[in-house]
Amino acid sequence: MSYSLVWFKRDLRWQDHAALAQAAAIGPVRCIYVIEPELWLQPDCALQHYEFLRESLQVLDAHLRTMGGCVEIHTGELPEVLTRLWREAPFSGLYSHEETGNGFTYARDLKVGAWCQANGVIWREFVQFGVVRRLKNRNQWQGEWEKHMASPTQEFESLTFWRSPSPEPFVMYAPGHLRHNPPLRQMGGRKHALETLHSFLNARSLGYRGGISSPLSAPDACSRLSVYLAYGCISMREVVQQTRAHIAQLPPLASRHRAGLTAFTSRLYWHCHFIQKLESEPAIEWRNMHRGYDGLREQDFDFEKFEALKDARTGWPMVDACVTMLRETGWLNFRMRAMLVSVAAYPLWLHWRPVGEWLATQFLDYEPGIHWSQLQMQSGTSGINTTRVYNPIKQAQDHDPKGIFVRRWLPAMRHIPNTWLFEPWKMPVELQHSVGIKVGFELATPIVDLATATRESKHKLHTLRKTTEVRQGKEAVVEKHASRKTTPRTTKAKPINTNSDQQLGFNF
Ligand SMILES: Cc1cc2nc3c(=O)[nH]c(=O)nc-3n(C[C@H](O)[C@H](O)[C@H](O)COP(=O)(O)OP(=O)(O)OC[C@H]3O[C@@H](n4cnc5c(N)ncnc54)[C@H](O)[C@@H]3O)c2cc1C
Numbered sequence: 277m278s279y280s281l282v283w284f285k286r287d288l289r290w291q292d293h294a295a296l297a298q299a300a301a302i303g304p305v306r307c308i309y310v311i312e313p314e315l316w317l318q319p320d321c322a323l324q325h326y327e328f329l330r331e332s333l334q335v336l337d338a339h340l341r342t343m344g345g346c347v348e349i350h351t352g353e354l355p356e357v358l359t360r361l362w363r364e365a366p367f368s369g370l371y372s373h374e375e376t377g378n379g380f381t382y383a384r385d386l387k388v389g390a391w392c393q394a395n396g397v398i399w400r401e402f403v404q405f406g407v408v409r410r411l412k413n414r415n416q417w418q419g420e421w422e423k424h425m426a427s428p429t430q431e432f433e434s435l436t437f438w439r440s441p442s443p444e445p446f447v448m449y450a451p452g453h454l455r456h457n458p459p460l461r462q463m464g465g466r467k468h469a470l471e472t473l474h475s476f477l478n479a480r481s482l483g484y485r486g487g488i489s490s491p492l493s494a495p496d497a498c499s500r501l502s503v504y505l506a507y508g509c510i511s512m513r514e515v516v517q518q519t520r521a522h523i524a525q526l527p528p529l530a531s532r533h534r535a536g537l538t539a540f541t542s543r544l545y546w547h548c549h550f551i552q553k554l555e556s557e558p559a560i561e562w563r564n565m566h567r568g569y570d571g572l573r574e575q576d577f578d579f580e581k582f583e584a585l586k587d588a589r590t591g592w593p594m595v596d597a598c599v600t601m602l603r604e605t606g607w608l609n610f611r612m613r614a615m616l617v618s619v620a621a622y623p624l625w626l627h628w629r630p631v632g633e634w635l636a637t638q639f640l641d642y643e644p645g646i647h648w649s650q651l652q653m654q655s656g657t658s659g660i661n662t663t664r665v666y667n668p669i670k671q672a673q674d675h676d677p678k679g680i681f682v683r684r685w686l687p688a689m690r691h692i693p694n695t696w697l698f699e700p701w702k703m704p705v706e707l708q709h710s711v712g713i714k715v716g717f718e719l720a721t722p723i724v725d726l727a728t729a730t731r732e733s734k735h736k737l738h739t740l741r742k743t744t745e746v747r748q749g750k751e752a753v754v755e756k757h758a759s760r761k762t763t764p765r766t767t768k769a770k771p772i773n774t775n776s777d778q779q780l781g782f783n784f
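According to this note's numbering, the stretch in the sequence shown is residues 277 to 784, in order.
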């Protein structure tokens, strides 16, 4: 009996799974996940990604077992695994979702395509998000996104499996070289994805407007769906449709809630918009989106500054607290991610690629398309975005005025009186002595003078930006990558009050 091979990748769900639904409509299916040793050797991989994947696969496997099947876990490079399975029992077709991943997965997909061609196998790939393969023109993109999100979810009517699952329990061992698994990270699996979506729609999204900028309120106010979208435990279409349905049934007076959920829906659009950039130009993972910026920072990379940033020793409490929180939880809100990259790119003058590799291992929700586009945007090398430089002292004053956040993640800051909260290095030595803290020991002193270093870096960037070559190159980037989205004007929301209980809601 022949069967269709369903290849799971970062789409670890059974509902709204086009590949599974289409394969099931034809006949028996055989579901596989392939652990690719080369993939896990890439510099953007971490143990937390593997463990999250394992948890999600375990849930998927358990669900399929209730229907008489399972997910088989195979190890090896794709062509070799496909050959093995084919020799065991030839399959009638290969079914999977399209993936816009890193350079490795791009090259691997080319090899899979070649294998299918050589073996006369039809490989059917299905759209996973609002990302368009072989997009000719960005002008139609928004319409395509809307069409995909409004279309019905893809569900199977019945599911038959090629053979019964082996009775052995689900086991997946992590490769020994992988490091970094934050103790407070989110857990994998569809159940957690659905709980996160529902707690957000029903309660937490009330704080979305005004709550997403501060690292104090953001862990609860933000949806926290990024990692579930990145691993496909829930589909983007499910999130969009359930959010729209939720908005539709809100009472007329729930304007704040409605505004929050509308802003959230825009971000779901941005998710695909950013991934589309990498889909259209895979090279932006390594090289500047605007080639006119080549050479801007490459020669000046200062490893000591980079190490200080990674070790939470820059001396700016807000930066060091964010690095610590990220290390412990695998997550940070957008503004604080942007601030970290901005500090790396401007006062520390670090090239975005090594910084991005490090952050990729730190972010549980690492999604190459969003990640590399944002890294370039925040470092000023996309060529189409205005320079946004985040001052870490001002960010602390605006978003953590009472020092709750920095004291939480940097224990030494608990000794610092409020007067010196934002610039503890300026505290008189006698006072340091009396509170039992020596700046430069328990707390780092800033590794560069913030104002001078930022001014110099902006000057270098703006000087290059004014050259004819860079000005002329901008058009092509706009044509290929810029958003055509028209967004209605919204009024700025007041920040909500935050208290320490609220931050504990997400367990950190
Ligand atoms: C330097 C940098 C790197 C980033 N790397 C990633 C990454 O690897 N993976 C990732 O999912 N997000 C990334 N982001 C975007 C954003 O910070 C996260 O999506 C967000 O913090 C995740 O939390 P949430 O799901 O609670 O977000 P919410 O605010 O609830 O947003 C809902 C969803 O919209 C999408 N989204 C939100 N903000 C953005 C944005 N600015 N651009 C694109 N999509 C967005 C995400 O899918 C997110 O889950 C990055 C941002 C920066 C500045």
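Think of the CB as a built atom: it goes at the ideal place given N, C-alpha and C, for glycine as much as any other residue.
Suppose contacts are defined by Cβ-Cβ distances below 8 Å. Is residue 642 in contact with residue 450 by that definition?
At least 8 Å separates the beta-carbon of residue 642 from that of residue 450.
Check whether the Cβ of residue 520 sits closer than 7 Å to any heavy atom of ligand 1, and report yes or no.
Here the distance from the Cβ of residue 520 to the nearest heavy atom of ligand 1 is not below 7 Å.
Compute the minimum distance between the beta carbon of residue 666 and the heavy atoms of ligand 1, and state whether it is under 7 Å.
Checking every heavy atom of ligand 1 against the Cβ of residue 666, none is found closer than 7 Å.
Endpoints, beta strand (DSSP E) assigned at residue 371:
369-373 is the extent of the beta strand (DSSP E) around residue 371.
Which ranges does the alpha helix (DSSP H) cover as unbroken runs of at least 4 residues, wholly within the segment 340-407, from first to last along the chain?
Listed in chain order, the complete alpha helix (DSSP H) runs (minimum 4 residues) inside the segment 340-407 are 354-364 and 379-395.
How big is the Cα-Cα spacing for residue 372 and residue 549?
Just so you know, the alpha carbons of residue 372 and residue 549 end up roughly 22 Å apart.
Report yes if the C-beta of residue 318 is less than 7 Å from at least one heavy atom of ligand 1; otherwise report no.
No.
Could you have a look at residue 767 and say whether DSSP puts it in helix, strand or coil?
Unreliable placement is indicated for residue 767, whose pLDDT of 44 sits below 50; the coordinate value is still reported in the next sentence. In this structure, residue 767 counts as coil in the three-state DSSP scheme.
I'd like to confirm the pairing. Which residues does DSSP put opposite residue 283 in its beta bridges?
As computed with DSSP, residue 283 is found in a beta bridge with 308.
In this structure, does DSSP put residue 715 in helix, strand or coil?
Looking at residue 715 - three-state DSSP - the assignment turns out to be strand.
Backbone CA spacing between residue 765 and residue 305 [nearest angstrom]:
Bear in mind that a pLDDT of 46 at residue 765, under 50, signals an unreliable position, so the number given afterwards is only what the model happens to contain. Rounded to whole angstroms, residue 765 to residue 305 spans 48 Å at the Cα level.
In three-state DSSP terms, what is residue 414?
DSSP places residue 414 in helix when its eight states are reduced to three.
For residue 681, write down the residues that DSSP places opposite it in a beta bridge.
Note: residue 681 sits in no beta bridge, so no partner.
Tell me the rounded alpha-carbon separation between residue 405 and residue 298.
The C-alpha of residue 405 lies about 17 Å from the C-alpha of residue 298.
Looking only at DSSP bridge pairs, what is residue 437 linked to?
When beta bridges are read from the DSSP output, residue 437 appears opposite 305.
Applying the 10 Å Cβ sphere with the 16-neighbour rule, what's the burial state of residue 581?
Looking at its Cβ environment, which holds 16 or more other Cβ atoms inside 10 Å, residue 581 is buried.
Return yes when the C-beta of residue 502 is under 7 Å from any heavy atom of ligand 1, and no when it is not.
Relative to ligand 1, the beta carbon of residue 502 is positioned inside 7 Å of a heavy atom.
Residue environment, residue 707, which counts as buried when at least 16 other CB atoms sit within 10 Å
Residue 707 is exposed by the Cβ-count criterion.
Taking the alpha-carbon positions, what's the residue 592 to residue 577 distance?
Straight-line spacing of the CA atoms in residue 592 and residue 577 works out to 20 Å.
Unbroken alpha helix (DSSP H) runs of length 4 or more, entirely within the segment 498-575: which are they?
Runs of the alpha helix (DSSP H) lying entirely within the segment 498-575 and spanning at least 4 residues, in chain order: 502-506, 512-524 and 531-556.
Residues in its own chain within less than 7 Å of residue 668 by CB, not counting five upstream and five downstream?
So the list reads 592, 594, 595, 615 and 619, once near-sequence residues are dropped.
Please find out if some non-hydrogen atom of ligand 1 comes closer than 7 Å to the beta-carbon of residue 424.
Between ligand 1 and the CB of residue 424, the shortest heavy atom gap is not smaller than 7 Å.
Assuming residue 606 and residue 458 are in contact, meaning their beta carbons sit under 8 Å apart, how far apart are those beta carbons, in whole angstroms?
About 4 Å separates the beta carbons of residue 606 and residue 458, which is inside the 8 Å limit, making them a contact pair.
Is residue 564 close to ligand 1? I mean its beta-carbon at under 7 Å from any heavy atom of the ligand.
Flag unset: Cβ of residue 564 not near ligand 1.
Residue 516 and residue 501 closer than 8 Å at C-beta:
No.
Is the beta carbon of residue 498 within less than 7 Å of some heavy atom of ligand 1?
The answer is yes for residue 498.
What first and last residue would you give for the alpha helix (DSSP H) that runs through residue 622?
For residue 622, there is no enclosing alpha helix (DSSP H), as DSSP gives it neither H nor E.
Just to confirm the assignment, what range does the alpha helix (DSSP H) spanning residue 689 have?
If you look at residue 689, you'll find it isn't in any alpha helix (DSSP H); DSSP assigns it neither H nor E.
Let's test the definition: count the other Cβ atoms within 10 Å of the Cβ of residue 381 and tell me whether it reaches 16, buried, or not, exposed.
Result: buried.
I need the DSSP call for residue 490, collapsed to helix, strand or coil.
Here residue 490 sits in coil by DSSP.
Would you check if there are 3 or more beta carbon pairs closer than 8 Å linking the segment 715-725 to the segment 626-639?
Cβ pair count under 8 Å is below three, so no.
For the candidate residues 309, 319 and 394, whose alpha-carbon lies nearest to that of residue 562?
Selected option, being the one with the closest Cα: 319.
Under a three-way DSSP split, which group does residue 704 fall into?
The answer is coil: DSSP assigns residue 704 none of H, G, I, E or B.
Do residue 308 and residue 333 have their C-beta atoms within less than 8 Å of each other?
Residue 308 is not a Cβ neighbour of residue 333, given a cutoff of 8 Å.
Taking the C-alpha atoms as reference points, what is the distance between residue 362 and residue 527?
Near 56 Å, if we compare the C-alpha coordinates of residue 527 and residue 362.
Go through its chain and collect everything with a Cβ distance to residue 512's Cβ below 8 Å, but skip five positions before and after it.
Beyond the five residues adjoining it in sequence on each side, residue 512 comes within less than 8 Å, by CB distance, of 404, 405, 406, 425, 505, 544, 547 and 548 in the same chain, given in chain order.
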